[in-house]
Amino acid sequence: MALYPYQQRVKELLQSGRSVILQAPTGAGKTRAALAPFIEAFFEFSPESFPKQCIYSVPMRVLASQFEKEYRGLAQKHARLYRDETLKVSIQTGERSDDPKFQKGDLIFATIDQTLSSALAVPYSLSSGQANLNAGAFYASYLVFDEFHLFPVDEKNSGGAMLTTLQLLSRLKGLVPFILMTATFSSHMLQELAQLLNAEVVTVDEQEFQMIAGQGGKPPRQRQYHVHDATISADTVLAFHQTRSIVICNQVKWAQALYQAISERAQGETEVVLLHSRFTKEDRQKKETFIQREFGKNLAERQKKSVILVATQVVEVGLDITSEHLHTEIAPANAVLQRAGRCARYPGEEGHVHIYRTPEREHNGKKRPDYLPYPHDLSEKTWNSFQSRDGKTIGFQEEQRIIDEVHQARDAQMLESLKRQSLRLWDDIYDALAGDVGKRSTLIRKIDNITVLAASTPDAVGNPFLAQGFGLRRGTVYGIYRDLQSAAAGEPDFSFDANHSWQMKMLVATERNPDDPTRPIDVLWQEVNDATMLQSASIVVINSRFCAYDDKVGFRVTPHGDGDWASKPGPFHLPNSQGGYRYRLESYPEHVRKMLRVYEQRFRHRLAYISKRLQRLWGVPPGGLDKAIRIAIALHDVAKMDTRWQQWVRLYQQAIGEPIADTDYMAVHTHWDPENPTHKAALKAADQRVKRPPHAGESAVATAAIVGEILAGNEILGRGVFTAIARHHSAHAQHCGAYRLHPASAEAVTTALALAGFHPTLPPHLYVTRPDVRITDLFSERNFRQQVVYLLIARYLRLADGLSQEEE
């Protein structure tokens, strides 16, 4: 199908190097507008012309899941047309961590939390030791930010993902193409963002909207809005119901209660289904498939005569579904209008949107509407705005007037705050890049999620990072903890056996030894005995005695101990590329050769576009980024040729019955299989004889002069290479110990440099022992350009290193 005129305009702008701010109505094809230029360029353009990787960021994981499923199918169709190349699609969310290193996919659908935490080098998907691994993907990709209005921003406009995204893009303008889009930008926001980001605004005018809304010769869709001065009730929903109704609640507990009430009252052939974030992946996928079939555009596919869907915000954006009646609790106008997009979505349809009060809660002894998780003031303004339009049919242009009424003042405040607090925000960004994970709450989402697991004992969880769990708001977990404590206090005869002597524990994970990744991660759990402990928790496990689950209502906590549901444990043993570590004996040049092959075959093309832009905009020498990465690969493990390391290698290889006879053989890896008892015994015996020294910072110092000579003193590249080598095992390394290189190291380095394409006329200038230098003076500084270049080099050095053992 041909692109709409606005989609064609978006494609032309992005492919010409411009960035875009897009405002288009729900159901008008914004996703296609954003991805058409990437998909076309991926198959038909040279790598220098457009990025070969796209990170598509959304505010909610259900949206990422839907897009991943849809575009994986489209990618397979394209693969049949372009036999020499396949577009790989992946997903990265807190629940579906399928691409934690942003490595597998050419097109990656991710939540904004995953994207920004990676860009800021405090990734939710990786350990702190690997924190510098993902950021380079962000700074070299085509960036899509969908439903931007839903990105978190705190009530004081002092932080959150929305502000952080804008700060980063203000420095990246011209460097990588990006698009921000939603149906609900205020007019003030559109113009201000265009100026801030040097981007082009693309909107859909009334004529094009009528064409899209009435395609196929049908009359344009229409929605009539009704305001009810009451909370949603099962009787009201059933009274209006025809064949398809959708009910959207702001909180899971309300959705669960309303679902049960409607189910009890529904009669005849009406089926009631519940969808929220606390279903297992398998059950949610089944439900989403059912919902998309029964509420989708193709009436012939429907199998049920009558269906009522009760849901939370998980259906607010993205799902391509429709209904005759949509019932929603009041929320900010941009959220209400997004929800309304699931009613009378298709040409020729007429629908009704019903807006209700929220339930009340007690606050300081008084009852007031519970608008959580939304701001009180925006919800009140939205109520007043729709109340004045009660009973009216509202089209796209009128929707924009509502958005301006409700959101324009706050948008203006947010943008003014962005300018006023720019220096502070950049201090926070640099603190995050330096490893301060506490900045996640300031820069991404203040009310962040805690992954909740269930098990009879913490050990039964297995690998907690891969175990089946649910992401709950931190405040919700506080509430669960208080409910558990209250139930226990109110039942003095509450019985506990040996396995049920605890209620909730939080995870504490020690780092794997950065210079010995063969050692497993030690997983420690600490009992939560005070609610304040949850401030720093990222994963908690609740005693399965207090957890219940079924495929109708989903996960819930039963404080009185009448549950018995446990998470599926996470596996520990994985292949090298996913965190398990098996090695084969190889020399330094052999290791470098394999790493170069990985880099050139898998990743080099992803850097072609950013390399060209760095040259044009930041003055990086032609081919400089590629040269820097190849230098880093050639020199990153030089300090493994320390005399002590080589002695240890020989002791270990002797112990497993495969001795190294050549005294000049510079080994960087031994044979190692963590399941082999002979290898384990040899490791222990060798460690008792010789302690292996660290090598990352030492390698950076030992080769600093070589780096400077090859890069002709270019500071931004030189600091980037030095920092990447020093931190290629641990993202925050600060140390360089004493070392002494083996006499055969110079020849091995010369060979490695030649493999990387460098042929110095003189022997390499190695510091054979540690010089009198302060290592921190040579790191990349709190300078955005230096940080970006360093993170690009570090990413592809570490990926090539980790994947090289899979090369034959």
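Just so we're aligned, residue 3 is where the sequence shown starts under the working numbering, counting upward by one. For each residue, glycine too, the CB sits at the ideal point set by N, CA and C.
Judged by pairs of C-beta atoms under 8 Å, the region 474–485 touches the region 443–459, as three or more such pairs exist. By the CB criterion at 8 Å, Gln55 and Asp108 fall inside the cutoff.
DSSP places Pro591 in no beta strand (DSSP E) but in the uninterrupted alpha helix (DSSP H) bounded by Tyr590 to Val600.
Residue range Arg476 to Gly492 is occupied by the alpha helix (DSSP H) that includes Gly492. Distance from the CA atom of Leu780 to the CA atom of Arg721, rounded to whole angstroms, is 6 Å.
Under the three-state reduction of DSSP, Pro460 is assigned to helix. Shown here, Gly699 sits in a helix according to DSSP, grouped into three states. Under the 10 Å beta carbon count, Arg426 is surrounded by fewer than 16 other beta carbons and is classified as exposed.
Under the DSSP assignment, Gly625 falls outside any beta strand (DSSP E); it carries neither an H nor an E label.
Within 10 angstroms of the beta-carbon of Arg691 lie fewer than 16 other beta-carbons, which makes it exposed. Per the C-alpha coordinates, the member of Glu290, Arg344 and Ala259 positioned closest to Pro361 is Ala259. When only Cα atoms are considered, Lys288 and Ala456 end up about 22 Å apart. CA-to-CA, the gap between Glu194 and Glu202 works out to about 11 Å.
Gln169 sits away from Ile446, with the two beta carbons spaced by 8 Å or more.
Note: Met506 is bridge-paired with Ile544 in the DSSP secondary-structure output.
Here Met183 carries a strand assignment [DSSP, helix/strand/coil]. Its chain contains Ala236 as the residues whose beta carbon lies nearer than 8 Å to that of Glu266, once the 5 sequence neighbours on both sides are disregarded; these appear in chain order.
Non-local C-beta neighbours of Met191 in its own chain, meaning closer than 6 Å and more than five positions away in sequence, comprise Asp413, ordered along the chain. The beta carbon of Arg484 lies closer than 8 Å to those of Ala533 in the same chain, with the five residues before and after it left out. The beta carbon of Glu210 is closer than 8 Å to those of Tyr6, Pro7 and Tyr8 in its chain, skipping five residues each way along the sequence. Counting every other CB atom within 10 Å of its CB across the protein chains shown gives Ser48 a total below 16, marking it as exposed.
A distance below 8 Å between beta-carbons, with the five flanking residues on each side excluded, links Gly19 to the following residues of its chain, in chain order: Gly176 and Pro179. Taking one beta carbon from each stretch, the region 35–43 and the region 126–136 have fewer than 3 pairs nearer than 8 Å; the two do not touch. Put simply, of Leu435, Gly572 and Pro745 the residue whose alpha carbon is nearest the alpha carbon of Val791 is Leu435.
If you draw a 10 Å sphere on the C-beta of Gln389, you find fewer than 16 other C-beta atoms in it, and that means exposed.
For Lys289, the uninterrupted alpha helix (DSSP H) run begins and ends at Lys283 to Glu296, by DSSP. Phe147 is bridged by DSSP to Ser59 and Leu182. Counting other Cβ atoms within 10 Å of its Cβ, Thr324 reaches 16 or more and is therefore classed as buried. Distance from Gly563 to Arg547 at the Cβ level is roughly 5 Å; contact confirmed, criterion being Cβ atoms closer than 8 Å.
Its Cα nearest to that of Leu15, the residue Ala36 stands out among Ala36, Met535 and His243. Beta-bridge annotation (DSSP): Arg632 is not paired with any residue. Residue Val239 holds the alpha-carbon nearest to the alpha-carbon of Ala263 among Phe153, His243 and Val239. According to DSSP, Lys369 shares a beta bridge with Glu364. Going by DSSP, Asp115 is part of the alpha helix (DSSP H) stretching over Ile114 to Ala121. Annotation: Lys158 to Leu339 spans about 24 Å, alpha carbon to alpha carbon. A direct Cα-to-Cα measurement between Leu509 and Leu486 gives close to 19 Å.
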